[in-house]
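Student: Read top to bottom, the protein sequences are chains A and B.
Sequential numbering from 254 applies to the first sequence in the working numbering.
Sequential numbering from 30 applies to the second sequence in the working numbering.
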Amino acid sequence: MIKQLQTIGLSKEEAKIYLAVLALGKCNLPELCEQSDYDKNVVEQQINNLKQKGLLKIELENKRLMFVAEKPNKLFDLTELKQKEKISVMPRLDFITKEMLESPNVCFLDSDKIINLWNKEIKKEKTNEVFFMGRGVWFKKLFSKKLEGFLIKVNFLCLDKQDYNNTKVNFNKLEKRSLLLPGFKLSLGFLDGRIFCFKSGKNERSFIIDDRVLASGMKAVFFLLWEQAEKIS
Amino acid sequence: MALSQELLSLGLNNKESEVYLAALQLGYCSVQEIAKKANMNRTTVYTHIKNLISRGLMSAVEKAGKVFYLAERPEKLKYIQEQQEKEVARRKNILQKIMPELESIYNVAKNRPSVRYFSYENPQELAQVRKEIQELRADEMLNIFNYDLYKDYIDKKHIEKILDMVGEFKALYISPGKILDSRLHDFLEHEKFNIKFLSETRFDFLNEILIGDKQVYIAGRGDWLIINDRLFAQTLSLLFHALWGIAEEF
């Protein structure tokens, strides 16, 4: 697909970013960086190019820039070889992204990407203690032996009896407790001001909420339930 | 179509057109002659000649160590235009082939969970979000709020409107002491209104969260973060009910 888009006049980077925006629907800059595997500077430049080509829209939502792909049939306009007026969005983008760092953000990701990011965050931050609640299936995916050296303790609150067997993993620094909440399908991990929300279903997109205050509040929910939960060996 | 317009339609800019037309009139000529005829400096003319050569509209010939230029015959424009039309047709053909796949990616994205941001310190945006909440018509609306942080936003009319539209309203009231704000006393008798207390010392929660249907409204530090995701709303709803079991009656 990227090669085909290149043949109609998009660069490789533009094609990758365009497909990422198309797949994400409305998205923000961090989300686009994660989805496309490019850093912020590259993504900003390509957004600028795609906007000039009329392939995406930029919307302002409460001081946040959101990017929305135009319908794919807009690509036909590119074949007409029109000279487009150059409109730079970069100064506004730079201004807004500084504020975005301080504001809550939500970033939707594919399962593979969110697992990579989870591992990367744990290794980068050398997080002392991790809090995780939800499904054993996700627990198994997220806590590989490789992470043991980076964590002092893992607190796992198992909420689903059906996949309890998946929690029987060989992970040294683990404390498990069980509190059954039937119907609990999402799994939540808390890491340094971020809430990782893991979804299991096909075509379901996991997401990260980047908000220190909410993460702290959700940890408070975790602790309250932890007190009620039963310790399991 | 006038020649100058035809040149522009081929993607040439004004200066390139002028250089081409000057060369066409001069015939076999040097860059200095073109520069004089087109009334441009030599360096600029060089740049445009380079572009015109790459488009097949001019050619260069070296003679006795000196380079001379020749504009291609105007009929060549027709050939170039035909080539460009073929290229457009080829690109359209490629696009037609990949369009169904692109459309399917686009349609999946349209249905994905969404996130919106509002400011509750902006009266207009606060009113807009409240109106949306009042119109949710959820079977059950769940609310967690830190009384000290959000007491200024208690609005009896807003609560009345919510109660008109929802099946049941449950609120977890987080405060240091078990004292219910007097503005909420009137609602205690309402059949749809349920409120319980959680001590702030036990439960340090600094946001306000409202869950209705598949929407989650999260207020904190001046912002509303609105997440439209059925599974996330369902998850928070389950956590709410677990906390409800722990919370105390007023």
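All C-beta atoms in this analysis are idealised placements derived from N, C-alpha and C, irrespective of residue type, glycine included.
Remember, predicted model here, so these are calculated numbers, not experimental data.
(1) For the alpha helix (DSSP H) that ARG465(A) lies in, which residues bound it at each end?
(2) Check whether the stretch 427-446 of chain A and the stretch 212-231 of chain B touch, using three or more Cβ-Cβ pairs below 8 Å as the test.
(3) Taking CB distances under 8 Å as the criterion, tell me whether LYS351(A) reaches chain B.
(4) Return yes when the Cβ of VAL474(A) is within less than 8 Å of the Cβ of LEU254(B), no when it is not.
(5) Helix, strand or coil for ASP347(A), going by three-state DSSP, please let me know.
(6) Tell me which residues share the same chain as ILE340(A) and place their Cβ nearer than 6 Å to its Cβ, disregarding the 5 neighbours each side in the sequence.
(7) Using a beta-carbon distance below 8 Å, is MET343(A) in contact with chain B?
(8) Let me check understanding here. Comparing Cα to Cα, which of SER397(A), CYS280(A) and ARG447(A) lies closest to PHE384(A)?
(9) Could you list which residues in chain E have their beta carbon closer than 7 Å to that of VAL144(B), in chain order?
(10) So, does the CB of ARG388(A) fall closer than 8 Å to a CB anywhere in chain B?
(11) If you draw a straight line from the C-alpha of MET386(A) to the C-alpha of LEU318(A), how long is it?
(12) For GLY470(A), would you say it is in contact with chain B, using Cβ-to-Cβ distances shorter than 8 Å as the test?
(13) Identify whether LEU272(B) lies in helix, strand or coil by the three-state DSSP scheme.
(14) Evaluate HIS77(B) with the Cβ neighbour count: other Cβ atoms within 10 Å of its Cβ, from every protein chain shown; 16 or more gives buried, anything less gives exposed.
(15) What span of residues does the alpha helix (DSSP H) with ASP177(B) cover, start to end?
(16) So who's on the other strand from ASP252(B), going by DSSP bridges?
(17) When you check each C-beta in the stretch 218-233 of chain B against every C-beta of chain A, which residues fall closer than 9 Å?
(18) Please state whether the Cβ-Cβ distance between GLY274(B) and MET170(B) is less than 8 Å.
(19) So what does DSSP say about PHE494(A), is it helix, strand or coil?
(20) Which residues of the stretch 46-75 of chain B have a Cβ closer than 9 Å to any Cβ of chain A? Give them in chain order.
(21) Name, in chain order, the residues that DSSP records as bridge partners for GLN244(B).
(22) Name the DSSP beta bridge partners of MET87(B), please?
(23) Measure from the C-beta of LYS438(A) to each C-beta in chain B and report whether the shortest distance is under 8 Å.
(24) Are the stretch 404-414 of chain A and the stretch 40-51 of chain B touching by the rule of at least three beta carbon pairs closer than 8 Å?
(25) Among ILE261(A), ASN358(A) and LYS398(A), which has the Cα closest to the Cα of LYS279(A)?
(26) In this structure, how does DSSP classify VAL359(A) when only helix, strand and coil are distinguished?
(27) I need the DSSP call for SER341(A), collapsed to helix, strand or coil.
(28) How would you list, in chain order, the residues of chain A whose beta-carbon sits under 7 Å from the beta-carbon of ARG250(B)?
(29) Counting Cβ pairs, one atom from each stretch, are 3 or more of them under 8 Å apart for the stretch 220-227 of chain B and the stretch 114-121 of chain B?
(30) Would GLU477(A) count as contacting chain B if we go by Cβ distances under 8 Å?
(31) Specify, as a first and last residue, the run of the beta strand (DSSP E) that VAL562(A) falls within.
(32) Chain B partners of LEU275(A), CB-CB under 9 Å?
(33) According to the Cβ coordinates, are MET257(B) and ALA248(B) closer than 8 Å?
(34) Tell me which residues share the same chain as ASN372(A) and place their Cβ nearer than 7 Å to its Cβ, disregarding the 5 neighbours each side in the sequence.
(35) Are the CB atoms of TYR176(B) and SER148(B) nearer to each other than 8 Å?
(36) Just how far apart, CA to CA, sit LEU217(B) and PHE198(B)?
Tutor: With the given structure in hand:
(1) Position 212 of the first sequence, counting from 1, holds the residue named residue 465(A). Start and end: 465-481.
(2) With a cut-off of 8 Å, the stretch 212-231 of chain B and the stretch 427-446 of chain A do not count as touching, because too few Cβ pairs lie within range.
(3) Locating residue 351(A) in the first sequence gives position 98, counting from the first residue. A caution first: LYS351(A) carries a pLDDT of 42, below 50, which makes its placement in the model too unreliable to give a value.
(4) As a first step, residue 254(B) is located in the second sequence; it is residue number 225 there, counting from the start. As a first step, residue 474(A) is located in the first sequence; it is residue number 221 there, counting from the start. In this structure, the beta-carbon distance from LEU254(B) to VAL474(A) does not fall below 8 Å.
(5) Against the first sequence, residue 347(A) aligns to sequence position 94. Note that ASP347(A) has pLDDT 41, beneath the 50 cutoff, so the model's placement of it is unreliable and no number is given.
(6) Position 87 of the first sequence holds residue 340(A). Because the pLDDT of ILE340(A) is 37, which lies under 50, any placement of that residue in the model is unreliable, and the number read from its coordinates should be weighed accordingly. Cβ contact annotation for ILE340(A) (same chain, cutoff 6 Å, sequence separation greater than five): none.
(7) Taking the first residue of the first sequence as 1, we reach residue 343(A) at position 90. At MET343(A), the pLDDT of 38 sits below 50, so the modelled position is not reliable; the number obtained from the coordinates is stated separately. When Cβ-Cβ separations below 8 Å define contact, MET343(A) makes no contact with chain B.
(8) As a working mapping, residue 384(A) is identified with position 131 in the first sequence. Taking each of SER397(A), CYS280(A) and ARG447(A) in turn and checking the Cα distance to PHE384(A), the smallest one comes out for ARG447(A).
(9) Protein chains in the displayed structure are A and B, and chain E is not among them.
(10) The residue given as residue 388(A) occupies position 135 in the first sequence. Not one chain B Cβ lies under 8 Å of ARG388(A).
(11) Here residue 386(A) refers to the residue found at position 133 of the first sequence. Here residue 318(A) refers to the residue found at position 65 of the first sequence. Cα-Cα distance, rounded: 32 Å.
(12) As a position in the first sequence, residue 470(A) is number 217, starting the count at 1. For GLY470(A), the answer is yes, since a Cβ of chain B falls inside 8 Å of its Cβ.
(13) Counting from 1 along the second sequence, the entry for residue 272(B) is found at position 243. Residue state for LEU272(B) is assigned as helix, using DSSP reduced to three classes.
(14) Walking along the second sequence from the start, residue 77(B) turns up at place 48. Counting Cβ neighbours within 10 Å, HIS77(B) comes out buried, since at least 16 surround it.
(15) In the second sequence, residue 177(B) corresponds to position 148, counting from 1. Counting along the chain, the alpha helix (DSSP H) containing ASP177(B) begins and ends at 176-179.
(16) Counting from one through the second sequence, the residue named residue 252(B) turns up at place 223. Per the DSSP secondary-structure output, ASP252(B) pairs in a beta bridge with SER148(B) and GLY249(B).
(17) Those would be LEU227, ARG231, PHE232 and ASP233, in chain order.
(18) Walking along the second sequence from the start, residue 274(B) turns up at place 245. Walking along the second sequence from the start, residue 170(B) turns up at place 141. Not a contact, by the Cβ cut-off of 8 Å.
(19) Coverage of chain A is limited to positions 254 through 486, which leaves residue 494(A) absent and any answer about it impossible.
(20) For the stretch 46-75 of chain B, which is checked against every Cβ of chain A, not one residue is closer than 9 Å.
(21) The count along the second sequence starts at 1 and reaches residue 244(B) at position 215. Residue pairing of GLN244(B) in beta bridges, as defined by DSSP: GLY241(B) and ASN257(B).
(22) Translated into positions along the second sequence, residue 87(B) becomes position 58. DSSP lists ALA100(B) as partners of MET87(B).
(23) Reading the first sequence from its first residue, position 185 is the one you call residue 438(A). Yes - at least one Cβ of chain B is within 8 Å of the one on LYS438(A).
(24) Verdict: no, contact absent.
(25) Position 26 of the first sequence, counting from 1, holds the residue named residue 279(A). Answer by Cα proximity: ASN358(A).
(26) One-based indexing of the first sequence puts residue 359(A) at position 106. In this structure, VAL359(A) counts as strand in the three-state DSSP scheme.
(27) In the first sequence, residue 341(A) corresponds to position 88, counting from 1. With a pLDDT of 38 at SER341(A), under the threshold of 50, the predicted position of this residue should be treated as unreliable, though the coordinate-derived value follows. SER341(A) sits in coil when the DSSP states are folded into three classes, being neither helix nor strand.
(28) Residue mapping note: residue 250(B) aligns to position 221 of the second sequence, counting from 1. Within 7 Å Cβ-Cβ: VAL466.
(29) In short, these stretches do not touch, since the Cβ pair count stays below three.
(30) Indexing the first sequence from 1 puts residue 477(A) at position 224. For the record, residue 477(A) in the displayed sequence is Leu; it is not Glu. Yes, its Cβ sits closer than 8 Å to a Cβ of chain B.
(31) Residue 562(A) is absent from the structure shown; chain A starts at 254 and stops at 486.
(32) Taking the first sequence and counting its residues from 1, the one referred to as residue 275(A) is at position 22. Near LEU275(A) (Cβ distances below 9 Å), the residues of chain B are LEU131, ILE134, TYR135 and ALA138.
(33) Numbered from its first residue, the second sequence carries residue 257(B) at position 228. Numbered from its first residue, the second sequence carries residue 248(B) at position 219. Residue identity check: residue 257(B) is Asn in the sequence provided, not Met. The criterion of a C-beta distance shorter than 8 Å is not satisfied by ASN257(B) and ALA248(B).
(34) Here the question's residue 372(A) lines up with position 119 in the first sequence. Around ASN372(A): LEU400.
(35) Translated into the one-based positions of the second sequence, residue 176(B) becomes position 147. Translated into the one-based positions of the second sequence, residue 148(B) becomes position 119. Taking 8 Å as the Cβ cut-off, TYR176(B) and SER148(B) do not qualify as a contacting pair.
(36) Indexing the second sequence from 1 puts residue 217(B) at position 188. Indexing the second sequence from 1 puts residue 198(B) at position 169. Distance between the alpha carbons of LEU217(B) and PHE198(B) is about 11 Å.
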